[in-house]
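Below is one structure; the comments refer to it alone.
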Amino acid sequence: MSTAEPLLAIRDLRVSFGERTQVELAELTLGAGEILGLAGESGAGKSLTGLAVLGLARRAGATVTGSIRLAGEELVGAPERRLRLLRGSTMALIPQSPAGAFNPVLPVGTTVLRALRLHRGAGATARERAESAMRRVWLDPEHLARYPHQLSGGQLQRVAIALGLALGAQLLIADEPTSALDVTVQAEICKLLAELRDKEEMSVLFVSHDLAVLAGLCDRIAVMRAGRVIEARPAGELVADPREDYTRELLAAVPRLGGATHA
Amino acid sequence: MIAYTARRLGLSALVALGVVVLTFVIARLVPGDPAAGWAGPRASPEERARVREELGLDRPTHEQIIDYVGGVLRGDWGISVRTHRPVLDDLLSLLPNTLQLVLAGLLIGLLVGVPAGLLAARWHNRLPDVLVRSAAIVGASMPVFWLALLLQTFFAGQLRLLPVAGSWDADMLAQYPLAKVTGLPLVDALVTGNWPMLASVFDHLLLPALVVSAYPVAVIARLVRASVLDTLGETHIQMVRSLGFAERAVLGRFAVRLSWNPVLQLCALIFGYSLVNSFLVEAVFNYPGLGRYAANSATVLDVPAIVGVTLLVALLYIAANLIVDLVHAALDPRIRLR
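So the sequence lines, in the order shown, correspond to chains A and B.
Per this note's numbering, the very first residue in the first sequence carries number 2; after that it's consecutive.
Per this note's numbering, the very first residue in the second sequence carries number 6; after that it's consecutive.
Written out as structure tokens, the structure reads:
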């Protein structure tokens with residue numbers, strides 16, 4: 002993190018529903034070309050943090066205060082019109098369940114092309130951009146003509162990533178992107194994200210409850226509990242030498258092959 | 006797909022047969038003598054008996070039904086006791102008017118109902134939603150003949166903006182004869198560029214069509230609203246929101262696609278309902294269609310005409326359902342017809 006300002010800088014973020022505060026983040030940053038893992042059990046506020054960054058927490062009925070800066074631009078309190086412009090074109094969502102992520106009665110390419118036209122205007126280049134993005138996620142561009150039910154979960158997840166790439170997003174917000182996939186496909190998606198980070202300086206906010214997945218992929222991991230980050234350190238360090246008891250518990254819960262889980 | 010269509014057609018033929026038998030039997034059970042109507046009020050008992058024999062009314066009902074079904078298959082739907090013309094000719098000359106009325110109502114239903122449903126979903130539980138829902142209750146529950154009388158009294162009677170009754174201006178027809186292309190007067194006037202007649206037909210059609218459209222508008226708006234609200238929680242909607250689409254596009258370009266199929270299914274139901282509704286509307290507006298014909302036939306117990314109208318309506322309804330099922334597969338790729 003040598004750059005002056007990180008791509009994403011969250012400071013004093015508070016997301017609450019009425020009186021109940023769900024997320025309270027003192028500080029969280031994500032640099033360009035970095036994958037940041039957001040770990041923690043269900044209800045810890047990981048996904049809500051992702052929604053807040055996308056500017057979609059407000060429409061879910063939450064109050065958002067504090068500061069979220071994306072490439073130097075303040076998002077909290079920004080007008081909806083501006084947020085809509087940023088959504089998709091600079092940050093994109095990789096959803097939890099790829100099976101439901103695309104409109105079931107439209108070919109997936111239709112969503113991609115409509116989004117491209119929305120952000121980049123009408124033009125013959127939209128199709129080219131879409132096809133080149135498909136190749137970057139190791140998919141045959143032919144798949145754009147398919148309907149969601151004709152593609153596998155892993156393929157759909159890659160189309161979702163291609164969507165972000167085609168639009169030129171620099172930040173992918175991946176909300177448990179691998180939880181609904183089986184293990185081999187999971188590994189494939191992680192490999193793809195790592196490649197995009199290394200080759201294209203893509204930044205990823207990777208939300209997951211699965212520390213094993215995070216440890217293999219992320220540069221840094223932030224462990225969340227009850228809406229707060231309790232520990233945020235480089236992934237290797239955190240796994241080898243957890244400081245917090247809760248992190249130790251999470252690590253102990255990771256199943257291991259060929260032996261009993263350690264205490 | 007071909008096997009599916011063939012099976013559906015076979016089943017439809019059975020349904021049509023059932024309709025013929027039922028209508029025939031019911032018409033027989035009603036007291037009254039069709040032969041008396043045919044022979045006229047001053048006919049002697051001998052003359053009536055002769056007419057009865059001539060019309061085959063003296064034979065057992067089941068033989069009459071078999072004869073009738075055979076005739077229908079050959080295109081002979083019997084002779085109307087009232088008009089003394091072949092029933093099929095009568096029906097085919099009136100069908101376009103009724104079809105025009107029902108289709109116009111359906112078209113208005115889609116053009117108004119779909120946007121209204123979207124508007125209600127977009128402003129869920131807010132003023133537009135409340136207005137749409139209230140209007141839908143009125144539209145779906147107000148009796149058509151009452152609505153017809155209200156509109157007739159107000160627009161034709163008080164404001165004198167539109168004609169009270171009929172299907173076109175008869176004087177104008179003499180001056181600008183209507184060429185027959187599709188049989189639907191409105192379409193024929195349009196494609197042949199017969200502007201004076203187009204205006205006349207349109208003016209005469211507007212009020213009846215509005216009345217017939219009240220129910221389609223209401224139920225389509227409700228269905229679209231419910232269906233769109235239903236999809237709002239789904240991941241793909243969250244996904245297009247996260248792509249920066251404005252809420253209007255999220256609903257109008259993505260969410261609404263999932264209601265096309267239910268709306269289409271509903272259209273078949275509406276078609277049948279509107280056919281029956283149009284009978285009342287035609288009576289109020291003295292609009293020359295199947296409904297007025299059926300009503301006139303029923304009052305003199307004109308059995309061939311009554312059975313003919315019923316059969317035709319049943320066939321139309323069956324056809325509408327078949328078309329809907331075939332289009333269904335085209336709209337939703339997840340459905341394959343077997």
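Note that CB positions come from ideal geometry on N, CA and C, so glycine has one too.
Treat the numbers as computed from the prediction; the structure is a model and nothing was measured.
Straight-line Cα distance separating residue j from residue i
| i | j | result |
| --- | --- | --- |
| A:L52 | B:L317 | 58 Å |
| B:G76 | B:A109 | 33 Å |
| A:A175 | B:G249 | 16 Å |
| B:A140 | B:A126 | 15 Å |
| A:A161 | A:A181 | 14 Å |
| B:P133 | B:L97 | 43 Å |
| A:A253 | A:G44 | 19 Å |
| A:G122 | A:A146 | 21 Å |
| B:R90 | B:V137 | 47 Å |
| A:L212 | A:V240 | 9 Å |
| A:G237 | A:D220 | 8 Å |
| B:G162 | B:N102 | 23 Å |
| A:L107 | A:R137 | 22 Å |
| B:F160 | B:A251 | 40 Å |
| A:D13 | A:P235 | 21 Å |
| B:W82 | B:R57 | 18 Å |
| B:Q243 | B:Y9 | 37 Å |
| B:I340 | A:E132 | 28 Å |
| A:P105 | A:G78 | 34 Å |
| B:L123 | B:A226 | 8 Å |
Outcome for residue i when other beta-carbon atoms lying within 10 angstroms are tallied against a minimum of 16
| i | result |
| --- | --- |
| B:Q180 | exposed |
| A:V184 | exposed |
| B:N291 | exposed |
| B:L210 | buried |
| B:M6 | exposed |
| A:M2 | Low confidence applies to A:M2: its pLDDT is 44, below 50, so where it sits in the model is not reliable enough to give any reading. |
| B:W361 | It is not possible to answer for residue 361 of chain B, since the shown part of chain B is limited to 6 through 343. |
| B:T158 | exposed |
| A:K192 | exposed |
| B:D193 | buried |
| A:A264 | The predicted position of A:A264 is uncertain, since its pLDDT is 43 and thus under 50; no value can be drawn from it. |
| B:F284 | buried |
Own chain partners of residue i with C-beta closer than 7 Å, once the 5 adjacent residues on each side are dropped
| i | result |
| --- | --- |
| A:V186 | G154 and G155 |
| A:L31 | P7, L8, L9, L37, S204 and L206 |
| B:P50 | none |
| A:A116 | G89, L164 and L168 |
| B:R315 | In the sequence on display, residue 315 of chain B carries Thr and not Arg. Hits under 7 Å: V24 and T28. |
| A:E189 | G155 |
| B:A214 | L106, A109, G110 and I113 |
The beta strand (DSSP E) enclosing residue i, as first and last residue numbers
| i | result |
| --- | --- |
| B:F276 | That residue, B:F276, is in no beta strand (DSSP E); its alpha helix (DSSP H) goes W265 to F290. |
| B:R33 | No beta strand (DSSP E) contains B:R33, which is instead part of the alpha helix (DSSP H) from I7 to L34. |
| A:M92 | M92 to I95 |
| B:I340 | No beta strand (DSSP E) contains B:I340, which DSSP labels as neither H nor E. |
| A:P108 | Where A:P108 is concerned, there is no enclosing beta strand (DSSP E), given that its DSSP letter is neither H nor E. |
| B:G122 | No beta strand (DSSP E) holds B:G122; the alpha helix (DSSP H) holding it covers V92 to R127. |
Contacting residues, own chain, Cβ-Cβ under 8 Å from residue i (five flanking each side not counted)
| i | result |
| --- | --- |
| A:A223 | L29, L37, G38, L39, A40, V230, E232 and A233 |
| B:A288 | F150, G296, R297 and A300 |
| A:R249 | P243 |
| B:L269 | V329, V332, H333 and L336 |
| A:T262 | Reliability fails at A:T262, whose pLDDT of 46 lies under 50, so the model's placement of it is uncertain and the value that follows must be treated cautiously. Cβ within range, chain order: A253, A254, V255 and P256. |
| B:R53 | D38, A40, A41 and A44 |
| A:V109 | F103, H144, L145, R147, Y148, P149, L152, L157 and V160 |
| B:G80 | L93 |
| B:A176 | One point to set straight first is that residue 176 of chain B is Asp, not Ala, in the sequence displayed. Nothing listed; no residue qualifies. |
Alpha helix (DSSP H) segment containing residue i, residue limits
| i | result |
| --- | --- |
| B:A180 | Reading off the sequence, residue 180 of chain B comes out as Gln, not Ala. First-last of the alpha helix (DSSP H) with B:Q180: A175 to Q180. |
| B:G75 | T66 to L78 |
| A:S48 | K47 to L55 |
| A:Q171 | Where A:Q171 is concerned, there is no enclosing alpha helix (DSSP H), given that its DSSP letter is neither H nor E. |
| A:T30 | That residue, A:T30, is in no alpha helix (DSSP H); its beta strand (DSSP E) goes R21 to L31. |
| B:R227 | W200 to T236 |
Cβ shell of residue i (< 6 Å), same chain only, five flanking positions each side left out
| i | result |
| --- | --- |
| B:T197 | A184 |
| A:S209 | E177 and L215 |
| A:L84 | G56 |
| B:L263 | T236 |
Any non-hydrogen atom of the ligand FAD closer than 7 Å to residue i Cβ
| i | result |
| --- | --- |
| A:T50 | No copy of the ligand FAD occurs in the structure displayed, which carries no ligand at all. |
With a threshold of 8 Å, are at least 3 pairs of Cβ atoms found where one atom belongs to the stretch 45-63 of chain A and the other to the stretch 14-24 of chain A? yes
Three Cβ pairs or more, each shorter than 8 Å: is that satisfied between the stretch 307-323 of chain B and the stretch 11-23 of chain B? Short answer: they touch.
When the Cβ atoms of the stretch 71-91 of chain B are set against those of the stretch 301-314 of chain B, are three or more pairs found closer than 8 Å? yes
Is it true that the stretch 233-248 of chain B meets the stretch 201-210 of chain B, where meeting means three or more beta-carbon pairs spaced less than 8 Å apart? no
Are three or more beta carbon pairs between the stretch 67-75 of chain A and the stretch 98-107 of chain A nearer than 8 Å? no
Is the number of C-beta pairs between the stretch 13-20 of chain B and the stretch 52-66 of chain B that are closer than 8 Å three or more? no
Taking three-plus beta-carbon pairs below 8 Å as touching, is the stretch 257-273 of chain B in contact with the stretch 110-129 of chain B? yes
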